[in-house]
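Chain order of the listed sequences is P and V.
Residues in the first sequence are numbered consecutively from 1, following full-length UniProt numbering.
Residues in the second sequence are numbered consecutively from 1, following full-length UniProt numbering.
Idealized CB from N, CA, C, for every residue including glycine.
These numbers were taken from a predicted model, which means no experiment stands behind them.
Right, one structure below, let's go through it.
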Amino acid sequence: MKTKILELLEQNSRYSAADIALMLGLEEQEVVDSIKEMEKDKIICGYKTLINWDKVEHREVVTALIEVKVTPQRGEGFDKIAERIYRFSEVKAVYLMSGGFDLTVIIEGKTMKEVALFVGQKLAPLDAVLSTGTHFVLNKYKDHGVIFEEIKKDERMIVSP
Amino acid sequence: MRIEDMIAKKVAQMPPSGIRKFFDVANEIGDVISLGVGEPDFDTPWHVREEGIYSLEKGKTVYSANAGLLELRQEICRYMQRRFDLIYSPTKQCLVTVGGSEGIDLAIRTLIETGEEVLIPEPSFVSYKPCAVLAGGVPVPIPTREEDDFKLTAHELEKAITPKTKILILPFPNNPTGAIMEREDLEAIAKVLRDKNIIVISDEIYAELTYGGEHVSIAHIEGMYERTVILSGFSKAYSMTGWRLGYAVGPAPIISMMIKVHQFAIMCAPTTSQYAGIEAMRSGDEDVRKMREAYDQRRRVMLDGFRSMGLSCFEPKGAFYVFPCIKRMGMTSEEFCEKLLMDQRVVVVPGTAFGESGEGFVRASYAYSIEVIKEALARIEVFVKKHLK
């Protein structure tokens with residue numbers, strides 16, 4: 001049941017408990033309780049809105065993906081250094097990676113300069129950081145499973161057998 | 001010469017589709033919310049479309065074998081075994097058709113002699129009757145009733161059988177009622193048919209859209225495999241309506257004759273669609289599961305919507321339609337649909353478009369997003385509250 005509730009919320013976090021209960025054939029109270037419990041357990045970590053900032057005037061956002069190589073710390077592995085990085089509010093996501101580098105750090109800033117300053121002054125100087133490779137995002141076509149520019153028109157006939 | 005007189009009588013006399021009439025009206029009004037379609041709202045899964053595109057890129061644009069690409073027939077037969085525990089030979093018992101619709105026409109034409117009777121449970125899909133007439137057969141409707149959950153009962157079947165009966169159409173899961181036939185219902189039907197010379201054409205196009213249980217084919221009931229032709233297709237399960245791809249499986253002597261008619265009338269199903277179909281059957285089970293789950297959620301919203309307006313509504317267990325009863329409104333089905341359209345700009349289809357026994361009911365499709373369904377229900381509620389007696 002929890003999985004089904006989560007799948008619906010992942011599609012549309014604005015579904016009310018009543019909507020979800022109806023769609024899944026559950027009691028509303030059951031859904032309310034279940035969501036509360038999952039919020040408490042940090043299974044549900046938040047509710048956000050997916051925004052295409054490129055379409056908002058006077059609100060420039062620059063996104064960069066940074067490949068970071070680090071030295072893992074004795075006894076703490078990558079966790080400690082990851083924390084030192086994700087505590088910065090500019091950092092939107094941090095993933096531990098397999099392969100040629102260790103951490104993917106996704107950063108948002110108002111300008112390229114701001115991002116460059118962050119990398120040069122905050123990220124790179126950290127003791128554990130060996131190297132960084134910064135890639136700026138030029139355009140977002142699809143994010144969190146949503147295609148940004150797609151305009152969906154119902155092409156079907158109004159009535160068909 | 002009067003050109004109209006040149007038209008074959010059985011075509012000229014065929015009543016136009018009730019749906020068509022309604023479509024013209026709805027189309028003129030424009031800016032409507034429609035719950036009127038009989039096709040999925042999902043796009044064909046991208047990996048399936050991609051295979052179609054790839055086949056075009058490679059120039060696979062020639063005719064296929066009349067019966068369809070062998071590779072596709074093999075996948076269809078594997079699918080029938082995997083999903084419904086039915087074993088068919090890809091070379092002798094399987095034919096790829098241009099949608100489920102061609103299968104209906106082919107099967108009836110292959111079996112019917114002039115004057116033989118075709119039993120058609122109603123309300124049901126609009127094509128059976130005209131196809132029977134065109135083949136020189138006599139359609140015999142068997143009304144199904146809400147109190148029987150719109151199932152075909154052994155009793156009603158028995159009453160309808162005459163020495164001239166050749167075919168029983170078994171359209172379940174049913175469009176428009178959403179009714180399904182469960183194993184024990186089919187056992188009862190099989191009991192009536194086992195000692196008779198009647199072939200069952202089981203239209204199982206909505207088999208994958210069965211909720212709260214698994215679809216059972218009548219071919220799986222003892223003694224029925226050898227007298228059943230199953231018609232199905234890709235339109236509903238894989239959201240592939242425009243690709244026009246379906247199939248028929250059944251006894252080799254019937255399928256081989258259907259292939260003969262198909263080869264002269266159609267040649268073969270579109271090759272591009274067949275390549276896409278192979279991919280759908282190979283790796284589409286998860287897509288089907290997801291779509292079924294989404295339909296099931298919408299089904300609950302629709303059912304609850306109509307019931308909370310005070311209309312009685314049978315709980316559909318298959319397809320993507322609800323079939324609420326509007327008898328309390330003091331209007332015919334057609335009046336209801338027309339007034340609803342004019343008043344609230346919502347399109348539902350009169351039950352009578354699917355046979356006379358559909359009077360008193362309307363078909364509302366839930367092949368729409370939850371948002372559209374909620375908006376449509378809200379408008380219908382305003383209308384119903386105004387007129388409910």
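Requested in this report: Quick one: list the residues of chain P neighbouring I19 of chain V, beta-carbon separation under 8 Å, in chain order.
Outcome: Walking along the second sequence from the start, residue 19 of chain V turns up at place 19. Within chain P, the residues near I19 of chain V are V159, S160 and P161.
Requested in this report: Kindly say whether D304 of chain V, judged by its beta-carbon, lies nearer than 7 Å to any beta-carbon of chain P.
Outcome: Working through the second sequence from its first residue, we reach residue 304 of chain V at position 304. Answer yes: the Cβ-Cβ gap between D304 of chain V and chain P drops below 7 Å somewhere.
Report task. Anything in the region 113–132 of chain V with a Cβ closer than 8 Å to a Cβ of chain P? List those residues in chain order, please. Result -> Flagged, chain order: F125, V126 and S127.
Query raised in the report: So is R84 of chain P in contact with chain V if we call contact Cβ pairs under 7 Å?
Result: Taking the first residue of the first sequence as 1, we reach residue 84 of chain P at position 84. With 7 Å as the cut-off, R84 of chain P does not count as an interface residue toward chain V.
Report task. Apply the 10 Å Cβ neighbour rule to V33 of chain V and answer buried if 16 or more other Cβ atoms are within range, or exposed otherwise. Result -> Counting from one through the second sequence, the residue named residue 33 of chain V turns up at place 33. First, the residue type needs correcting, since residue 33 of chain V is Ile and not Val in the sequence shown. I33 of chain V should be labelled buried.
Report task. Look at the Cβ atom of A219 of chain V, then the Cβ atom of L119 of chain V, and state whether they are nearer than 7 Å. Result -> Position 219 of the second sequence, counted from the start, is the residue given in the question as residue 219 of chain V. Position 119 of the second sequence, counted from the start, is the residue given in the question as residue 119 of chain V. Note that the C-beta distance between A219 of chain V and L119 of chain V is not below 7 Å.
Report task. Only counting runs of 3 or more residues, tell me where the beta strand (DSSP E) segments fall wholly within the region 49–97 of chain P, in order along the chain. Result -> DSSP runs (the beta strand (DSSP E)) wholly in the region 49–97 of chain P: 62–70 and 91–96.
Requested in this report: List the endpoints of the continuous alpha helix (DSSP H) containing R109 of chain V.
Outcome: Counting from one through the second sequence, the residue named residue 109 of chain V turns up at place 109. Unbroken alpha helix (DSSP H) run through R109 of chain V: G99 to L111.
Query - Three-state class that DSSP yields for S16 of chain P in the structure shown - result: Position 16 of the first sequence holds residue 16 of chain P. DSSP places S16 of chain P in coil when its eight states are reduced to three.
Query raised in the report: Do you know whose CA, among V:E204, V:L35 and V:F264, lies nearest F84 of chain V's CA?
Result: Position 84 of the second sequence, counting from 1, holds the residue named residue 84 of chain V. Between F84 of chain V and the set V:E204, V:L35 and V:F264, the nearest pair of CA atoms involves V:E204.
**Report entry** Range of the contiguous alpha helix (DSSP H) that encloses K129 of chain V
**Finding:** For the purposes of this step, residue 129 of chain V is taken as the residue at position 129 of the second sequence. Run containing K129 of chain V: Y128 to L134, per the alpha helix (DSSP H) assignment.
Query raised in the report: Along chain V, which residues have their Cβ under 8 Å away from the Cβ of M23 of chain P?
Result: Numbered from its first residue, the first sequence carries residue 23 of chain P at position 23. In chain order: Q297, R298, R300, V301 and I370.
Query raised in the report: Who are the Cβ neighbours of R183 of chain V in its own chain at under 7 Å, not counting the five residues just before and after it?
Result: Counting from one through the second sequence, the residue named residue 183 of chain V turns up at place 183. For R183 of chain V, where only same-chain residues beyond five positions count, the Cβ hits under 7 Å are V216.
Query - Identity of the residues DSSP links to K142 of chain P by a beta bridge - result: Translated into the one-based positions of the first sequence, residue 142 of chain P becomes position 142. Its beta-bridge partners are P:I147.
Query - Secondary structure of E122 of chain V, DSSP reduced to three states - result: Counting from one through the second sequence, the residue named residue 122 of chain V turns up at place 122. Here E122 of chain V sits in strand by DSSP.
**Report entry** CB contact flag (A154 of chain V, I180 of chain V, <7 Å)
**Finding:** One-based indexing of the second sequence puts residue 154 of chain V at position 154. One-based indexing of the second sequence puts residue 180 of chain V at position 180. Result no, Cβ atoms of A154 of chain V and I180 of chain V do not sit closer than 7 Å.
Query raised in the report: Relative to the alpha-carbon of V349 of chain V, which residue among V:E375, V:I326 and V:G330 has its alpha-carbon at the smallest distance?
Result: Numbered from its first residue, the second sequence carries residue 349 of chain V at position 349. The residue among V:E375, V:I326 and V:G330 with its C-alpha nearest the C-alpha of V349 of chain V is V:I326.
Query raised in the report: What's the C-alpha gap between R300 of chain V and L377 of chain V?
Result: Here residue 300 of chain V is taken as the residue at index 300 of the second sequence, counted from 1. Here residue 377 of chain V is taken as the residue at index 377 of the second sequence, counted from 1. Approximately 13 Å between the Cα atoms of the pair.
**Report entry** Among V:L152, V:F234 and V:E158, nearest to G284 of chain V - alpha-carbon criterion
**Finding:** The residue you call residue 284 of chain V lines up with position 284 of the second sequence. Closest in C-alpha terms to G284 of chain V, from the list V:L152, V:F234 and V:E158, comes V:F234.
Query raised in the report: Below 8 Å, can you find three or more Cβ-Cβ pairs linking the region 102–112 of chain V to the region 250–268 of chain V?
Result: By the criterion of at least three beta-carbon pairs nearer than 8 Å, the region 102–112 of chain V is in contact with the region 250–268 of chain V.
Query - Alpha-carbon spacing of L186 of chain V relative to P123 of chain V, whole angstroms - result: Translated into positions along the second sequence, residue 186 of chain V becomes position 186. Translated into positions along the second sequence, residue 123 of chain V becomes position 123. If you take the alpha carbons of L186 of chain V and P123 of chain V, they lie about 18 Å apart.
Report task. At 9 Å on the CB atoms, spell out the chain P contacts of F23 of chain V, in chain order. Result -> Along the second sequence, read from residue 1 onward, the residue named residue 23 of chain V stands at position 23. Per Cβ cutoff of 9 Å: M157, I158, V159 and S160.
Query - Inter-residue spacing [alpha-carbon to alpha-carbon] between residue 195 of chain P and A116 of chain P - result: Residue coverage of chain P in this structure runs from 1 to 161, which leaves residue 195 of chain P outside it and unanswerable.
Query raised in the report: Apart from the five residues just before and just after K122 of chain P, which ones in its own chain have a Cβ nearer than 7 Å to its Cβ?
Result: Counting from one through the first sequence, the residue named residue 122 of chain P turns up at place 122. Answer for K122 of chain P: F88, listed in chain order.
Query raised in the report: Does DSSP put T332 of chain V in a helix, in a strand, or in coil?
Result: Sequence index remark: in the second sequence, residue 332 of chain V carries index 332 (1-based). In the structure shown, T332 of chain V sits in coil (DSSP, three-state: anything other than H, G, I, E or B).
Requested in this report: Just grab the DSSP bridge partners of T165 of chain V for me.
Outcome: One-based indexing of the second sequence puts residue 165 of chain V at position 165. According to DSSP, which records beta bridges pairwise, T165 of chain V is partnered with V:E117.
Report task. Helix, strand or coil for residue 174 of chain P, going by three-state DSSP, please let me know. Result -> Nothing about residue 174 of chain P can be read from this structure; chain P reaches only from 1 to 161.
Report task. With L231 of chain V as the anchor, note down where its beta strand (DSSP E) starts and where it stops. Result -> Within the second sequence, the letter at position 231 stands for residue 231 of chain V. Per DSSP, L231 of chain V belongs to the beta strand (DSSP E) from T228 to G233.
Report task. Give a yes or no on whether 7 Å exceeds the smallest Cβ distance from S34 of chain V to chain P. Result -> For this step, residue 34 of chain V is matched to residue 34 along the second sequence. Chain P contact via Cβ: present.
Query - Classification of R156 of chain P by the beta-carbon crowding that lies within 10 angstroms, buried from 16 upward - result: Position 156 of the first sequence, counted from the first residue, corresponds to residue 156 of chain P. R156 of chain P counts as buried, since no fewer than 16 other beta carbons sit within 10 angstroms of its beta carbon.
Requested in this report: Kindly list the residues whose CB is nearer than 8 Å to the CB of R49 of chain V, restricted to its own chain and excluding five residues on each side of it in sequence; keep chain order.
Outcome: In the second sequence, counting from the first residue as 1, residue 49 of chain V sits at position 49. Taken in chain order, the residues that qualify are D43 and A276.
Query raised in the report: What is the DSSP secondary structure of Y247 of chain V, reduced to helix, strand or coil?
Result: For this step, residue 247 of chain V is matched to residue 247 along the second sequence. Of the three classes helix, strand and coil, the one that applies to Y247 of chain V here is strand, per DSSP.
Query raised in the report: Counting Cβ pairs closer than 8 Å, one from the region 367–375 of chain V and one from the region 327–340 of chain V, do we hit at least three?
Result: No, the region 367–375 of chain V is not in contact with the region 327–340 of chain V.
Report task. Tell me where the alpha helix (DSSP H) around V31 of chain P begins and ends. Result -> Position 31 of the first sequence, counting from 1, holds the residue named residue 31 of chain P. Residue range E28 to K40 is occupied by the alpha helix (DSSP H) that includes V31 of chain P.
Query raised in the report: Does any residue of chain P bring its CB to less than 7 Å from the CB of E39 of chain V?
Result: Taking the first residue of the second sequence as 1, we reach residue 39 of chain V at position 39. Chain P contact via Cβ: present.
**Report entry** chain P contact for V347 of chain V (CB, 7 Å cutoff)
**Finding:** The count along the second sequence starts at 1 and reaches residue 347 of chain V at position 347. For V347 of chain V, the answer is yes, since a Cβ of chain P falls inside 7 Å of its Cβ.
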